[in-house]
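Take a look at the structure set out below.
Protein chains: 4
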Amino acid sequence: MSQTPAVRAAIVGSTGYGGVELIRLLAAHPRAAVSSVVSSSSAGSSFAEAFPHLTEIVTDKLDDVDPDLIRDKADVVFLATPHGVSAKLAPQFLAAGLKVIDLSGDFRLKDPEAYRHWYKKDAPAQAELDRAVYGMCELFGQEAAGADFVSNPGCFPTATALGLYPAVEAGWIDPDTIVIDSKTGVSGAGRGLALGSHFSEVNENFKAYKVNQHQHTPEIEMVLARAAGRPVAVTFTTHLAPMTRGIMSTMYATLTDRGRTSADFTGLYRSFYEGRKFVRVRDTGVYPATKEVYGSNYCDIGMSVDSRTGRITIISVIDNLVKGAAGQAIQNLNLIMGWDETLGLEFTPVYP
Amino acid sequence: MSQTPAVRAAIVGSTGYGGVELIRLLAAHPRAAVSSVVSSSSAGSSFAEAFPHLTEIVTDKLDDVDPDLIRDKADVVFLATPHGVSAKLAPQFLAAGLKVIDLSGDFRLKDPEAYRHWYKKDAPAQAELDRAVYGMCELFGQEAAGADFVSNPGCFPTATALGLYPAVEAGWIDPDTIVIDSKTGVSGAGRGLALGSHFSEVNENFKAYKVNQHQHTPEIEMVLARAAGRPVAVTFTTHLAPMTRGIMSTMYATLTDRGRTSADFTGLYRSFYEGRKFVRVRDTGVYPATKEVYGSNYCDIGMSVDSRTGRITIISVIDNLVKGAAGQAIQNLNLIMGWDETLGLEFTPVYP
Amino acid sequence: MSQTPAVRAAIVGSTGYGGVELIRLLAAHPRAAVSSVVSSSSAGSSFAEAFPHLTEIVTDKLDDVDPDLIRDKADVVFLATPHGVSAKLAPQFLAAGLKVIDLSGDFRLKDPEAYRHWYKKDAPAQAELDRAVYGMCELFGQEAAGADFVSNPGCFPTATALGLYPAVEAGWIDPDTIVIDSKTGVSGAGRGLALGSHFSEVNENFKAYKVNQHQHTPEIEMVLARAAGRPVAVTFTTHLAPMTRGIMSTMYATLTDRGRTSADFTGLYRSFYEGRKFVRVRDTGVYPATKEVYGSNYCDIGMSVDSRTGRITIISVIDNLVKGAAGQAIQNLNLIMGWDETLGLEFTPVYP
Amino acid sequence: MSQTPAVRAAIVGSTGYGGVELIRLLAAHPRAAVSSVVSSSSAGSSFAEAFPHLTEIVTDKLDDVDPDLIRDKADVVFLATPHGVSAKLAPQFLAAGLKVIDLSGDFRLKDPEAYRHWYKKDAPAQAELDRAVYGMCELFGQEAAGADFVSNPGCFPTATALGLYPAVEAGWIDPDTIVIDSKTGVSGAGRGLALGSHFSEVNENFKAYKVNQHQHTPEIEMVLARAAGRPVAVTFTTHLAPMTRGIMSTMYATLTDRGRTSADFTGLYRSFYEGRKFVRVRDTGVYPATKEVYGSNYCDIGMSVDSRTGRITIISVIDNLVKGAAGQAIQNLNLIMGWDETLGLEFTPVYP
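Chains as they are written, first to last, in numbering that gives the first Met the number 0: chain A, 0 to 351; chain B, 0 to 351; chain C, 0 to 351; chain D, 0 to 351.
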């Protein structure tokens, strides 16, 4: 944090995994740097004491959640706060003249009724929902350019929508037949203490959770509805895998034309994502694994048409903390600022 | 192995995980015991040297694969051999007058053409295929009674068929809409060396494999066809999870009558599995995790109807080495002998 | 729990991992059975709801901690309660005429000052400390015969003392040079929620904790002092490994006579543990791994003298929840009752 | 690989984990870049097919091991080849005028007899051994400046020597009492197939290996002898932990002056490593965990004096593939070139 960077970033909710990952990624960014780490619960204490891996890297004390203070120290605020909290903080930071990139689910759904139904809380005001640009970079990236308020997509919706959008938009699969079977590492549930994140309960275990009730369902449907041009309802199941990072969505749908082959779909996807560096479409018959994007901002996609059943199986993987959270948030910062979207994000996956 | 047990068992292919698990389970069986551990590759060597966890438990040397020799030492032979090998050995042991329980895929499919297509090998003779009783205990257990040759089901087909059979048989789901998303621990791939089983490649990784090409597909379809009374084609995807044991099948299908509820299905399943101790149907809204059956012969099933999409999600879990292999093989021995099917198999799951 | 068993057991603190493991092991015991599962915090609720792996296995509701009630239902009480709690409960259950086997650290140290120093709490009364037999079965098993109150050893002391006792007693190693480097799985820390047990913090991580401050230090020294016939002070470090079960102690000491070989030590240990089924001494040059005792009551030991340095390296492994807790507790029950110490405990290790 | 970098690097043995990690790290280096990936076994084939995480990152085909060819494409060669192979290749590349940084053990020991004893092979010629600078950067970094041949230290010696050197050199601990208990993740054993790296054998397992026989022993002793000014023999045990990356050395030694405190030692180490960015000495009473250096070039050290025993416990951690291999190799490149040693290596640890 030596020279004044082009953009000074404050991170609110910095003691969660999303916040810590923002610190890791921004440390390598050539035009942005963390100028303030903010925490309501731990203001004044040493950051590296809580996160010893940042010893001698982050030496600042934690700042309090004070928009006036932060306005002096930062140009943009990343809200890595739980839903419900972002809803309250975002308007304050916007009012203080800061750009806001919110990683929570509070401003993603534009329909407050859907938010209420799935999140079991009241939604922010419609005007605020409308002001927040939904920042799914490879699909709607141009909308973030110059924006001052971006709502960063959810982890499952990122992997899933990138995997389904081209086929739905092209009309090659029937949106009414979509089944999404997702698997995630444990870090997606955050650093909070819960029996469901206890090592002895998770290790050597595979479990489903929130079956048919996950709050990312309407977000996926919102994006797919834009592709389909009409409402879409999907079956969506989430599972917890005994690993820290990584999301895989395995997606199934019926072809609208059984004559189309795996190669046709691969071609469609490659054409759709032409020039988008963070989406890598695998060769026909090759499927990505989560470790192949570990620690990076890539979303890798593979697919296979089964002529026996007339269905396609599409597999997409991301690192939930990077492309599914902090990485895409920085990608959105790049888009807001008019920079190359890959700036500071070209991390090679950590393998093995 | 002190007293003469009611049944003396030989285990061929004892140095694989299926064979070793048979030894663990039979050590606790009140009426059967291992009288010979057989290996073509390591005959004459000490078993416990290769598997130190069996130090002072198995003290015999490995026997050679010699039906005449084994006829003197055993009453029943478990073939825990790879497919292709069982096809050759089973007839020899049967000819020697031994009962045979085969854990490979060689005698499961009754259609040699299907075997050839999915296993990429020639099938055994039709007469032998017909002689081998397909031992899916909770579905066709009565067929094993008194048999001398049982083909033990595959791991994925066991979890999957137990999860789907009641609903298909009742006509409550449309068989043409079935999508099966399965996840397995690494032990299912055996003890052989392969990059896909290398710790550094599997740990912190989640990957799909044999998409639309897994050889268990026709076995699942064979069982479901019996339930449906007509041919069934399913979409079936297998994934490797970073854990040693456990299989979960997450299964999706469209209801034939959208008025049926989760509770209706739970009732159907409980009624279907009434009196079958190894299938535990969870309360509506509760889903089993693989660790909840770890080391045991249980198959646990949970389900949820989604009124938004008119689909049901069914989740079933097993320990792939127990209910998915060695445990069900012993359950078949019990059925062959006319004993209680739970004899020697009431292991409480190891948790955590 | 159908027939009346010879001994009816109540488990207090049944909702922790030690309690749950007692349930698993006792389910296979031919002469004892669980007659009451007791929990202060969850009395009246369903046990299997909290531990679904016990669905249809434990169907009783949880009982309250009421010695008078439990006296009617049980003959022996296993206290799987935290230290501090056992100190209060044990006298009450003893007064009610029940036999007590306490798995906590409260009654292990016979020196209240040592307890106060290492546990940071006041010790129970000296009379109670003296009444509690320290139940390290393979070393002092005869003392438990007929006792009504046994203090079950700690997990690290069990692995460590079994690994060092014969050599110290024989005077073959210098007790003042002992260094103990122990590693444990996470289940040893219990089911309580703490950042140190969070999956994302533990997985792919290896860490030391309580360096030179672990409360099991004086317990190890108490046992070794009996072997040495004089006070002993050891260096003892504990580490957390990214696994659920298992303890390894790697122990170092200087030989008193550099002429003694690995084979000499192996012979000494085999002779010492002659007839004790749960200790398996490996051949010279072979070292046990934790998985080789997984789910079982074994303690496996291997050793190697290094002529270059005149030191011996001794490695011992146990399953911390079995030999390090519930298994040894049942072994103590067997000894109390005058039964064969292996009764109901001959579980073959679960491998892989 | 677009612009011509200051230094073009060839990686021989690029299909092992050390080679792949060099590619990841060099991709972020501002003044060096990979210009040739070399493999004897796979020349001509696509690199990204074997390592899909490098899809669209490494697009070159693999080159053959041909010093004349590589001389045209590279300035420096990293040998990430097994021991025995480096011994043959290094002289050829040196003769071709290339700088060589060898990651194998072939040129570390300067005593050919020691090499023969521990590696069970003949050593390279003494002249070649002498020519190779032993590149333990924080201890002997100045020796690498301007060198054309550096032998990169082993993973265990790096963690261990950095943890012990200051105390030995200061004469604060007795070198004859040193016990080193090391733990490593599985990636250290490479990508080759072996039962010891099989997931089902490693997962939920902790095991010791090469007890008193590890070939890194003489390398550790060679470095400590420089610190002590006389020969040193240590007890050194290596263990395999169920994780992919990370090494911890827990080290024990007797103080020469029992009056010295933990704080004294912490001060000594901080002073010794003043200005060396990659060594982070923790506060007294705080111990590093392997995850706190994951994916980074840090070596973190913590320590504690135990006044009861007069011993110190020192704990050091590294990522075996970075500071223990590829990272330190690049650090050596920086030193050779006279650049800041941290150039291109300031990766923030990946956490969690």
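Just so it is clear, CB atoms sit at the ideal spot from N, CA and C, and this is done for glycine as well. Predicted, not measured: the structure shown is a model, and the values here were computed from it.
Given residue i as reference, the closest of the options once Cα atoms are compared
i	options	result
B:Gly337	B:Gln141, B:Glu200, B:Arg70 and B:Val33	B:Gln141
C:Ala49	C:Val64, C:Pro66, C:Gly18 and C:Asp71	C:Gly18
D:Val222	D:His82, D:Phe139 and D:His52	D:Phe139
D:Thr347	A:Thr14, A:Phe148, A:Ala5 and A:Glu20	A:Glu20
A:Asp63	A:Thr341, A:Ala9 and A:Phe271	A:Ala9
A:Val132	A:Asp147, A:Lys119 and A:Pro123	A:Asp147
A:Ala47	D:Ala193, D:Arg281 and D:Leu194	D:Arg281
C:Val159	C:Asp299, C:Asp110 and C:Leu194	A quick correction: the sequence has Thr, not Val, at residue 159 of chain C. Answer by Cα proximity: C:Asp299.
D:His116	D:Leu239, D:Met302, D:Asp318 and D:Pro217	D:Pro217
A:Pro156	A:Val185, A:Phe235, A:Ile69 and A:Tyr297	A:Phe235
C:Thr341	C:Arg30, C:Ile22, C:Gly12 and C:Tyr16	C:Arg30
D:Tyr164	D:Lys182, D:Met135 and D:Ile22	D:Met135
Contact with chain C by residue i, beta-carbon distance below 8 Å
i	result
D:Val210	yes
A:Ala193	yes
A:Thr14	no
B:Arg115	no
Below-8 Å beta-carbon distance, residue i vs any chain A residue
i	result
B:Ala240	yes
B:Pro230	no
D:Thr347	yes
B:Val222	no
B:Glu112	no
Residues sharing a beta bridge with residue i, DSSP
i	result
C:Leu78	C:Val11 and C:Asp101
D:Ala32	D:Arg7
C:Met242	Answer is none; C:Met242 lacks a bridge partner.
D:Arg279	D:Asp299
A:Thr237	A:Ser181 and A:Tyr208
B:Ala252	B:Ile311
A:Asp62	A:Val37
Contact with chain D by residue i, beta-carbon distance below 8 Å
i	result
B:Ser360	Residue 360 of chain B is absent from the model: chain B starts at 0 and stops at 351.
B:Val185	yes
A:Lys109	no
Contact list for residue i against chain D, beta-carbon separation under 9 Å
i	result
C:Met408	Nothing in the structure corresponds to residue 408 of chain C, since chain C is present only between 0 and 351.
Chain-ordered neighbours of residue i on chain B, where CB pairs are closer than 7 Å
i	result
A:Asp305	Asn211 and Thr234
Amino acids of chain A, ordered along the chain, whose beta-carbon sits closer than 7 Å to that of residue i
i	result
B:Ile314	Ala207
Partner residues on chain B for residue i, Cβ-Cβ distance less than 8 Å
i	result
A:Arg281	Those within 8 Å of A:Arg281 in chain B number zero; the least Cβ separation is about 11 Å.
Close beta carbons around residue i, own chain, < 6 Å, minus the five adjacent residues each side
i	result
A:Ala409	Residue 409 of chain A is absent from the model: chain A starts at 0 and stops at 351.
C:Thr176	Ala252 and Thr253
Where residue i meets chain C, residues with beta-carbon distance less than 9 Å
i	result
B:Val19	Tyr350 and Pro351
Chain B within 8 Å of residue i, Cβ atoms only
i	result
C:Pro29	no
D:Asn202	yes
D:Arg23	no
Own chain, CB closer than 7 Å to residue i, minus 5 neighbours either side, in chain order
i	result
A:Thr14	Ser38, Ser41 and Ala49
A:Thr260	Val304
B:Pro111	Ala122, Gln125 and Leu128
8 Å Cβ shell around residue i - same chain, five flanking residues per side excluded
i	result
B:Glu203	Pro241
Contacts of residue i in chain C (Cβ-Cβ under 7 Å)
i	result
B:Ile317	Near B:Ile317 there are no residues of chain C at all, since even the closest Cβ is about 13 Å away, more than 7 Å.
B:Gly343	What B:Gly343 touches in chain C: nothing, since even the nearest Cβ is about 11 Å away.
Amino acids of chain C, ordered along the chain, whose beta-carbon sits closer than 8 Å to that of residue i
i	result
A:Thr243	Phe198, Ser199, Asn202 and Glu203
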